[in-house]
Amino acid sequence: MPMKKLLLAFLICTLPLTVLGTESRRGFIETYEAQPATGEEAAPPVLEEMETEGMDEETPPFMDDDDLSFLDEEDDVIEVYDPLETFNRGMFWFNDKAYFYAIKPVAKGWRWLAPEPLQLGIRNFFSNLRAPIRFVNAALQGKFRDSGYELTRFGVNTTLGIGGLFDPAKVHFGIDRKIEDTGQTLARYGVSPGPYLVLPFLGPSNFRDGIGLLGDFYFSLVPVLFENTAYWIAISGDVVNFLSIDKDTYEGIKKDSLDPYLFLRDAYSQYRMNLILN
Amino acid sequence: MLKQLLLTLVAGFTLAFTMWSHAGSTPTDDVRTSVNAILEILQNEQLDKEGKREQMSTIINKRFDFRAMSQRTLATNWKKTTDEEKQQFVALFSQLIENSYVGKIESYTNEKVDYPGEKIKGRKAVVETLIITSSADIPVNYKVYQKGDQWLVYDVIIEGVSLISNYRSSYQEIMKKEGFDGLLAKMQAKIDELASTPS
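The listed protein sequences correspond, in order, to chains H and U.
The first sequence lines up with residues 1 to 278 when you count with my numbering.
The second sequence lines up with residues 1 to 199 when you count with my numbering.
The structure is reproduced here in structure tokens:
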């Protein structure tokens, strides 16, 4: 299968880069996790004087600059390593055009055509097929309870949920899905994100998470159920259906930010970091 | 007769309890009050879009500390700017934040908001909220700090992404390339663009 060969080639090409960054990454995660504890002790709680000052109408507007420094301790700015910015911006431009001229019009058509329950059913169906990704990766990260939940969810939703179209595990049993994937597992084992990477059609990623996609592909049931052409139709359908539910997130980002590329680059890194730590 | 007496007593206790709990409002109380007010405006069918935005703006301005947000966004560059530049930045930045926040909230008009918890550390706190929609639950956390008898928002974290960290890294990148004046010009241009293209 050419897809697998392509992914394998990608893996081999990027392995050295990822391994190189491993050491520094480990240190980063440790300091990041250790932060809340130290931050708590260092936070100066008393600020009685400032309040009376603040009440005074005569105080110039920017007098109490330093008083807010206590907010800064929990700062967790992630510097994104992006040596391939030129390439990435090109890919970003490509994805932007593909989104607005090809994918989104179809998604809008589907949004108009299909009733919401059907859209949600399809999304649940694909999410259920990817349950093994979450099951395996939760286990690999030692989160055996989450792993068990995921197994339960898969059993319940495949049977009671009619092949995963519904989510009775969440609705009736209160067991919610927890996003776990191979990229997060690699991070848990100390693999650095490596350079930021914008993938064609898939959007923001990095070398580590790109390799993670290979693992996700192997654990997913989507390629088991759909082969060759059917596979591509299935994953395109999944994306279009997903975007028909989505409330135009990308449009909002594009409208609001001074530089959508930078906004997404940072948002992706923060989002991933949050998933990895949870 | 007995029933009435009982009801009066219950009412009295409730009132006393409410007043007592209001004496020192918790971070969640403050955030909830503002969020509820915003949801009410969004659901008010007598208001047009402009009217809604105007009323929401008043509430957001009371709850959001735009100066603290600006300071955190500019980080070390804050000290390097003059008072006039600071004022200019805060004015532009508050419009952008407000616009972005309102834009996000607007798309969740008829949804329910849950308050799963809050974490208080001294004068700082995080109020967790969960917007429950038919298609997904979106976690939106508010970072607040105590100023006087109020808890003011200094960051909003949507699905693990901090608005302020996000702005900070993009703005710093822009400042590196185009300087502080370049950043202000870009912000002004964005505001003009948003004003000229009503969604």
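Don't be surprised by glycine CBs; every beta carbon is placed ideally from N, CA and C.
The model shown is predicted, which means the values in this text are computed figures rather than measured ones.
Proximity of residue i and residue j at Cβ, strictly below 7 Å
i: Tyr115 of chain U; j: Thr129 of chain U; result: yes
i: Gly121 of chain H; j: Leu160 of chain H; result: no
i: Gly203 of chain H; j: Thr182 of chain H; result: no
i: Phe92 of chain H; j: Val222 of chain H; result: no
i: Ile276 of chain H; j: Ala187 of chain H; result: yes
i: Met69 of chain U; j: Tyr154 of chain U; result: yes
i: Leu151 of chain H; j: Phe125 of chain H; result: no
i: Ile59 of chain U; j: Ala37 of chain U; result: yes
i: Gln119 of chain H; j: Ser257 of chain H; result: no
i: Glu173 of chain U; j: Leu84 of chain H; result: no
i: Gln141 of chain H; j: Thr185 of chain H; result: yes
i: Thr73 of chain U; j: Tyr167 of chain U; result: yes
i: Ile175 of chain H; j: Arg145 of chain H; result: no
i: Val90 of chain U; j: Phe66 of chain U; result: yes
i: Trp110 of chain H; j: Val240 of chain H; result: yes
i: Leu68 of chain H; j: Gln95 of chain U; result: no
Bridge partners - residue i, DSSP secondary structure assignment
i: Tyr196 of chain H; result: H:Asn206
i: Asp48 of chain U; result: Answer is none; Asp48 of chain U lacks a bridge partner.
i: Lys124 of chain U; result: U:Lys121, U:Tyr145
i: Phe64 of chain U; result: U:Val153
i: Thr28 of chain U; result: Thr28 of chain U is not bridged to any residue.
i: Pro139 of chain U; result: U:Leu130
i: Ile179 of chain H; result: Ile179 of chain H is not bridged to any residue.
i: Asp114 of chain U; result: U:Leu130
i: Ile158 of chain U; result: U:Val140, U:Val161
Under 7 Å by beta carbon: chain C residues contacting residue i
i: Gly161 of chain H; result: Among the protein chains in the structure shown, which are H and U, there is no chain C.
Rounded separation between residue i and residue j - CA only
i: Lys190 of chain U; j: Lys177 of chain U; result: 18 Å
i: Gly194 of chain H; j: Arg208 of chain H; result: 6 Å
i: Lys119 of chain U; j: Val126 of chain U; result: 5 Å
i: Gln43 of chain U; j: Asn137 of chain H; result: 42 Å
i: Thr197 of chain U; j: Asn228 of chain H; result: 44 Å
i: Phe94 of chain H; j: Phe70 of chain H; result: 43 Å
i: Val191 of chain H; j: Phe93 of chain U; result: 37 Å
i: Gly103 of chain U; j: Ala131 of chain H; result: 33 Å
i: Leu152 of chain U; j: Ile164 of chain U; result: 15 Å
i: Glu33 of chain H; j: Ser269 of chain H; result: Reliability of the predicted coordinates at Glu33 of chain H is poor, the pLDDT of 38 falling under 50, and no value is obtained from them.
i: Glu53 of chain H; j: Gly148 of chain H; result: At Glu53 of chain H the pLDDT is 39, less than 50, meaning the model places this residue with poor confidence; the figure from the coordinates comes in the next sentence. Using only the alpha carbons, I get a separation of about 55 Å.
i: Tyr163 of chain H; j: Asn157 of chain H; result: Residue identity check: residue 163 of chain H is Gly in the sequence provided, not Tyr. Roughly 7 Å between the two C-alpha positions.
i: Ile133 of chain H; j: Phe226 of chain H; result: 17 Å
i: Gly179 of chain U; j: Leu129 of chain H; result: 49 Å
i: Lys62 of chain U; j: Gly90 of chain H; result: 42 Å
i: Val84 of chain U; j: Trp78 of chain U; result: Per the sequence shown, the amino acid found at residue 84 of chain U is Glu instead of Val. Using only the alpha carbons, I get a separation of about 12 Å.
i: Val113 of chain U; j: Tyr189 of chain H; result: 36 Å
i: Thr28 of chain U; j: Lys147 of chain U; result: 15 Å
i: Ser34 of chain U; j: Asp137 of chain U; result: 20 Å
i: Lys49 of chain U; j: Ile105 of chain U; result: 13 Å
i: Leu183 of chain U; j: Ile253 of chain H; result: 18 Å
i: Lys247 of chain H; j: Asp192 of chain U; result: 24 Å
i: Gly210 of chain H; j: Thr76 of chain U; result: 34 Å
i: Asp238 of chain H; j: Arg123 of chain H; result: 7 Å
i: Val224 of chain H; j: Ile235 of chain H; result: 12 Å
i: Pro279 of chain H; j: Pro139 of chain U; result: What the structure shows of chain H is the stretch from 1 to 278, and residue 279 of chain H is not part of that stretch, so it cannot be assessed.
i: Gln150 of chain U; j: Phe173 of chain H; result: 39 Å
i: Met175 of chain U; j: Lys255 of chain H; result: 20 Å
i: Glu54 of chain U; j: Ser135 of chain U; result: 29 Å
i: Ala168 of chain H; j: Lys80 of chain U; result: Residue 168 of chain H is actually Pro in this sequence, not Ala. When rounded, the distance between both Cα atoms is 56 Å.
i: Arg26 of chain H; j: Val156 of chain U; result: In this predicted model, Arg26 of chain H has a pLDDT of only 37, less than 50, meaning its place in the structure is not dependable enough to derive any value.
i: Met187 of chain U; j: Gln87 of chain U; result: 14 Å
i: Ala107 of chain H; j: Lys121 of chain U; result: 45 Å
Inter-residue CB distance, residue i and residue j (contact presumed, cutoff 8 Å)
i: Val161 of chain U; j: Tyr81 of chain H; result: Going by Cβ atoms, the distance from Val161 of chain U to Tyr81 of chain H rounds to 18 Å, so no, they are not a contact pair.
i: Asn206 of chain H; j: Tyr196 of chain H; result: 5 Å
i: Asp266 of chain H; j: Ser170 of chain U; result: 6 Å
i: Val31 of chain U; j: Tyr142 of chain U; result: 5 Å
i: Phe201 of chain H; j: Ala98 of chain H; result: 6 Å
i: Ile97 of chain U; j: Glu111 of chain U; result: Wrong, their Cβ atoms sit about 21 Å apart, outside the cutoff.
i: Arg177 of chain H; j: Ser127 of chain H; result: 7 Å
beta-carbon residue i near the ligand ATP non-hydrogen atom, thresh 6 Å
i: Lys104 of chain U; result: Looking at this structure, you won't find the ligand ATP or any other ligand, since it has none at all.
TODO: Would you list, in sequence order, the uninterrupted alpha helix (DSSP H) runs of no fewer than 4 residues that lie entirely inside the segment 162-196 of chain U?
DONE: 163-196
Task: Start-end ranges of the alpha helix (DSSP H) lying completely within the segment 104-143 of chain H, minimum 4 residues - done: 104-113, 116-129, 131-140
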